[in-house]
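Chains as they are written, first to last, in this note's numbering: chain S, 0 to 275; chain Z, 74 to 410; chain H, 14 to 301; chain W, 65 to 213. A quick write-up on the structure given underneath.
Given below as structure tokens:
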């Protein structure tokens, strides 16, 4: 039985026995290469679920839909290990209760989707610990390495060029499962810290604030870069932040649901080499 | 016999136009996105694109635009106005769906009150459109009553030659005719055949859709929630739409000096309609998606007798969660039948 | 070649500058500004265009513009009065403005109350809280030509005694022989010396029971009050076509371009803000 | 001869330590350059990265953020939180090409009037040498130019 078939029958079972009220998964999209998020509430519809290497979107953010988890009922959702980390962070930030989440875990290896054992987010802590180890060894992105070698003037010009394209559609924010604020900082106007206009200055400010607010929270799922209609390499910023908290504080976001948020905690001996 | 413009002569055309004080803009692919930009040379153009990622509208309605500068003195409030100059612009290589979109937006920006920011740029621009000989999976102009060679909104229409080395030139408006004068010497008489236009399949029955949408019974149909359940409420579809025209007015600066700006805004955003009291007439994402569809296919046509969609397909093409006008209208079309 | 700065003759987004001639605190957080045009050409344009019911965009450079009604009537066009509650960025700045300060005004925009159609009829004004200002412009338009109308009844309610706006004018109307003023505050909102009604507007209205015959009602208030008061009016025998109200949706441009104020296909800024209850009923309720 | 360049520097300081340190520098009649505008806040924990961006948005050439030494926070641990935030934000700024000399962080206690004066002296000199933050100023200027297309 293919993984897709297995998960279809798993979804049917969960819905039929009433364990969950909804399965959030992937379905066929407009073109053969596209997948789209779908919401299955009846076992008869479970055959619409698709699972293959084209399923890239982190679906965890949909759990925060207003009222979805309010009735204390459970929802099953297709998640990669990074998706599971998302749930852990959301739980740590009191946005949801992990008891209401059934994980349909999978991982994309090359051209194939592989099944991951486990039902509850806690079942994946081993896999996540592995990933942390791997992440530490992972070299930084090729472009990031090039950037590090540039002078600051060149780096500024690089980002000026990237940010100048931003149209402030806020797709990065909307697509990010971590951006759960009811009212984003750019939408606050008393005072207006960040310029709302999409001139390069306003774009730079927005993108810096966005990246900073995701420092130690981003799971590098790639939703933001995928969503960006003008292809700004947002992931470079997020990865840089991930690497910073990893090296400075040995912090890997979403390790478990009790992990304290990195910027809401501290150690007295945190490094401070740059402070005069 | 008809006039033919050969691709080899394009750069020469651009110089002739520039000599007349006109700027030349066209589709360019730059820095991982494509849109319209100023070009000096024909090689800078990316004419192979089915459609640029960003639309023609940003030439007339930039995503952020200063309207006034203000400076507040003891005695007087001084304001300076930013308005586009009247230097003529040649926009070479627009697509018929984009050009049609501009004609649709004209209706709105001229509705009783004339928006100078839009019209100063519109009036000085000549749109030279190239008919499409290729389309992609998302094109749907034919379903919207347009075609890959629609003339709507264009001043000149170019039909690609079958040989691929030029275009047959069709002058559509006096403005277009005037723009062709400086390059008259480069337009050759010829009878070369045009390449067949792209075949864009009919995806839905527009009339069935508008009928369904016009029925007040359907306004609160469960359909709206189902079709928009995965909408994440970003503004991509609206910002990349040639006909979406909503905007915000924002002041940047302090109480002494600064700039009042006109910025793109989107009906997809939760705060778009939120009252200060906290009441929000369109409180849910499905209400906001319904607004977008209703606005395009019911409200706009109610006011201006034309739907505000040209079938360019960008909403579907660029949607992070694979939604769009196409899916919604296809579904409505089925419901109505 | 970049675009240069040129002054436009008819820039629809350019506001007029107005001087604050006087300010008045109406209620906690509610303030009235009396504004005078700095430029006589702007004044003349306003005077030629303004009719009771229209609105404007009041602004402060650096903060933005905010939409509210013109609270002064078409019978007094040499100044503008506006009354607003301090809540957002612009109204906070406007509330901080003092006599002599300059603010901006764009308008008047929108449609009007068809006051000449009210001639010879009895008038019933019903307002709740901060919605007295739009009603007040109609009230004064009628009182300034009192002989043209029949009986005039004003029913006004607020949450508490302190929340009543235009207190001086309420006293003035109370003393007038040719106006019947019914005041009420919500239960719990009365002060020890409160001599008027206590109760919600719909109930008080039903008690007062104005006759629906040859009568036009003007009803302004928060959505929830409108809903219940409209039900009471129907019970009393009023037809929806004879009940007028104003809608106040969020607006940025005021001239039908920016795309936020529409309810169904109706643009409140251009086709409103004045509607009959019949017209409002035809709009999609979910979008109100 | 044009005027020598005088940088505009904004210092966000906590009121209990660095502000008191600046005060001490003043009452001790220590000389330091007048290029710094001090913004006093209750604690470094209150200094949002947004403040730094706002300073640059308004044309600053450099920013100093300073507070109590670790362990000395009036609110016990405000500066420990601030330190983590600075670590991340500083990395981000450098990654996006804001030169290291434009944003400085320091601990200055109420007793360190001399350190305050010397630090202001040295960062002012460093930024004076680096010149105006032209890349940022260009972005600010662009917001006031009419859309070009």
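Ideal Cβ placement from N, Cα and C applies to all residues, glycine included. Please read these numbers as outputs of a predicted model, since none were measured by experiment.
key: Span separating the alpha-carbon of residue 91(S) from that of residue 253(S)   = Within the first chain, numbered from 1, the residue matching residue 91(S) stands at position 92. Within the first chain, numbered from 1, the residue matching residue 253(S) stands at position 254. In a straight line, the C-alpha of residue 91(S) is about 8 Å away from that of residue 253(S).
query = If we ignore side chains and look at the alpha-carbon of each, how far apart do residue 258(S) and residue 250(S) end up?
reply = Position 259 of the first chain holds residue 258(S). Position 251 of the first chain holds residue 250(S). Spanning the two alpha carbons is a distance of roughly 9 Å.
task = Quick one: measure Cβ to Cβ for residue 115(Z) and residue 299(H), integer angstroms, because I've assumed they're closer than 8 Å.
result = Residue 115(Z) sits at position 42 when you count from the first residue of the second chain. Residue 299(H) sits at position 286 when you count from the first residue of the third chain. Residue 115(Z) to residue 299(H), Cβ: 52 Å. No contact.
task = Enumerate in chain order the residues of its own chain whose CB-to-CB distance from residue 278(Z) is below 6 Å, with the five nearest sequence positions on each side excluded.
result = Start at 1 with the first residue of the second chain, and residue 278(Z) comes out as number 205. 406, listed in sequence order.
Close beta carbons around residue 164(W), own chain, < 7 Å, minus the five adjacent residues each side = Position 100 of the fourth chain, counted from the first residue, corresponds to residue 164(W). Here the set comprises 158.
message = Here's the rule I'm using: 16 or more other beta-carbon atoms within 10 Å means buried, otherwise exposed. How should residue 5(S) be labelled?
response = Mapped onto the first chain, residue 5(S) falls at position 6. With fewer than 16 Cβ atoms within 10 Å of its Cβ, residue 5(S) is classed as exposed.
ask   = Any Cβ of chain H within less than 8 Å of the Cβ of residue 86(Z)?
value = For the purposes of this step, residue 86(Z) is identified with residue 13 of the second chain, where counting begins at 1. Not one chain H Cβ lies under 8 Å of residue 86(Z).
task = Grab the span of the alpha helix (DSSP H) containing residue 367(Z) for me, first residue to last.
result = If you number the second chain from 1, residue 367(Z) lands on position 294. Looking at the DSSP string, the run of the alpha helix (DSSP H) that includes residue 367(Z) is 358-367.
message = Residues of chain Z with CB closer than 7 Å to the CB of residue 208(W), please, in chain order.
response = Working through the fourth chain from its first residue, we reach residue 208(W) at position 144. Going along chain Z in sequence order, the residues near residue 208(W) (Cβ under 7 Å) are 139, 142, 332.
query = Could one say the Cβ of residue 188(S) lies closer than 8 Å to chain H's Cβ atoms, at least one of them?
reply = Residue 188(S) sits at position 189 when you count from the first residue of the first chain. Yes, contact with chain H.
Buried or exposed by the 16-neighbour rule on C-beta atoms within 10 Å, applied to residue 81(H) = Mapped onto the third chain, residue 81(H) falls at position 68. Residue 81(H) comes out buried.
ask   = Residue range of the beta strand (DSSP E) that residue 233(Z) falls in?
value = Numbered from 1 along the second chain, position 160 holds the residue referred to as residue 233(Z). 229-233 is the span of the beta strand (DSSP E), which, as asked, contains residue 233(Z).
request  = Report, in whole angstroms, the separation of the C-beta atoms of residue 321(Z) and residue 265(H), which I expect to be a contact under 8 Å.
outcome  = By 1-based counting over the second chain, the position of residue 321(Z) is 248. By 1-based counting over the third chain, the position of residue 265(H) is 252. With 8 Å as the limit, residue 321(Z) and residue 265(H) qualify as a contact, their Cβ atoms being about 6 Å apart.
inquiry  = Checking 8 Å against the spacing of the C-beta atoms, do residue 39(S) and residue 33(S) come in under that value?
reply    = Counting from 1 along the first chain, the entry for residue 39(S) is found at position 40. Counting from 1 along the first chain, the entry for residue 33(S) is found at position 34. Against a cut-off of 8 Å, the Cβ pair of residue 33(S) and residue 39(S) comes out as no contact.
inquiry  = Tell me the DSSP secondary structure of residue 285(H) in three-state form.
reply    = Start at 1 with the first residue of the third chain, and residue 285(H) comes out as number 272. Coil at residue 285(H), not helix or strand.
query = Taking the continuous beta strand (DSSP E) assigned at residue 230(H), which residues delimit it?
reply = Here residue 230(H) refers to the residue found at position 217 of the third chain. It spans 228-233 - the beta strand (DSSP E) in which residue 230(H) sits, taken as one unbroken run.
key: Residue burial classification, residue 227(Z) (beta-carbon count within 10 angstroms, cutoff 16)   = Reading the second chain from its first residue, position 154 is the one you call residue 227(Z). So residue 227(Z) ends up on the buried side.
query = Are any of the Cβ atoms in chain W nearer than 8 Å to that of residue 269(S)?
reply = For this step, residue 269(S) is matched to residue 270 along the first chain. So, interface residue.
message = Here's a check: name, in chain order, each residue in its chain whose Cβ is nearer than 7 Å to the Cβ of residue 179(H), leaving out the five neighbours to either side.
response = By 1-based counting over the third chain, the position of residue 179(H) is 166. Closer than 7 Å at the Cβ level, and outside the excluded window around residue 179(H), lie 39, 145, 149.
task = Report yes or no: is there a C-beta of chain S within less than 8 Å of the C-beta of residue 113(W)?
result = As a position in the fourth chain, residue 113(W) is number 49, starting the count at 1. Cβ-Cβ to chain S under 8 Å: yes for residue 113(W).
Length of the line joining the Cα atoms of residue 96(W) and residue 190(W) = Residue mapping note: residue 96(W) aligns to position 32 of the fourth chain, counting from 1. Residue mapping note: residue 190(W) aligns to position 126 of the fourth chain, counting from 1. Looking at the two C-alpha atoms, the distance is approximately 14 Å.
query = Using CA coordinates, which residue listed in 199(W), 81(W), 182(W) is at the minimum distance from residue 93(W)?
reply = Along the fourth chain, read from residue 1 onward, the residue named residue 93(W) stands at position 29. Of the listed residues, the one whose Cα sits closest to residue 93(W) is 182(W).
query = What span of residues does the alpha helix (DSSP H) with residue 298(Z) cover, start to end?
reply = For this step, residue 298(Z) is matched to residue 225 along the second chain. 296-300 is the span of the alpha helix (DSSP H), which, as asked, contains residue 298(Z).
ask   = Quick one: what's residue 162(Z) bridged to in DSSP?
value = Taking the first residue of the second chain as 1, we reach residue 162(Z) at position 89. Per DSSP, 96(Z), 198(Z).
query = Can you check whether the CB of residue 174(W) is closer than 8 Å to the CB of residue 89(W)?
reply = For the purposes of this step, residue 89(W) is identified with residue 25 of the fourth chain, where counting begins at 1. For the purposes of this step, residue 174(W) is identified with residue 110 of the fourth chain, where counting begins at 1. No. Outside cutoff.
request  = Give the straight-line distance between the Cα atoms of residue 166(S) and residue 229(S), rounded to the nearest whole angstrom.
outcome  = The residue labelled residue 166(S) in the question sits at position 167 within the first chain. The residue labelled residue 229(S) in the question sits at position 230 within the first chain. Their backbone Cα atoms lie some 8 Å apart in a straight line.
key: With 16 other Cβ atoms within 10 Å as the buried cut-off, status of residue 23(H)   = The residue labelled residue 23(H) in the question sits at position 10 within the third chain. The residue is exposed, with fewer than 16 neighbouring Cβ atoms inside 10 Å.
inquiry  = Among 203(S), 17(S), 54(S), 27(S), whose alpha-carbon lies nearest the alpha-carbon of residue 104(S)?
reply    = Here residue 104(S) corresponds to residue number 105 of the first chain, with the count starting at 1. Nearest of 203(S), 17(S), 54(S), 27(S) to residue 104(S), Cα basis: 54(S).
key: Any chain W beta carbon closer than 8 Å to residue 189(Z)   = Here residue 189(Z) corresponds to residue number 116 of the second chain, with the count starting at 1. Cβ-Cβ to chain W under 8 Å: no for residue 189(Z).
ask   = How about residue 273(H): is its C-beta nearer than 8 Å to some C-beta of chain S?
value = Stepping through the third chain from its first residue, residue 273(H) is reached at position 260. False, the Cβ-Cβ gap to chain S never drops below 8 Å.
ask   = Does the beta-carbon distance from residue 207(S) to residue 128(W) come in below 8 Å?
value = If you number the first chain from 1, residue 207(S) lands on position 208. If you number the fourth chain from 1, residue 128(W) lands on position 64. Cβ distance not < 8 Å, so residue 207(S) and residue 128(W) don't count as in contact.
Neighbour-count burial assignment, residue 316(Z), 16 or more Cβ in a 10 Å radius = Within the second chain, the letter at position 243 stands for residue 316(Z). So residue 316(Z) ends up on the buried side.
message = Can you find the residues in the same chain that come closer than 6 Å, C-beta to C-beta, to residue 255(H), ignoring five residues on each side of it along the sequence?
response = The residue you call residue 255(H) lines up with position 242 of the third chain. Taken in chain order, the residues that qualify are 229.
CB contact check: residue 160(W) to chain S, cutoff 8 Å = Here residue 160(W) corresponds to residue number 96 of the fourth chain, with the count starting at 1. It does: the Cβ of residue 160(W) has a partner Cβ on chain S nearer than 8 Å.
ask   = Is there at least one Cβ from chain S nearer than 8 Å to residue 263(H)'s Cβ?
value = Within the third chain, numbered from 1, the residue matching residue 263(H) stands at position 250. So no, residue 263(H) is outside the interface.
query = How would you label residue 197(H), buried or exposed, when you count the other beta carbons within 10 angstroms and need 16 or more for buried?
reply = Position 184 of the third chain, counting from 1, holds the residue named residue 197(H). Buried: at least 16 other Cβ atoms inside 10 Å.
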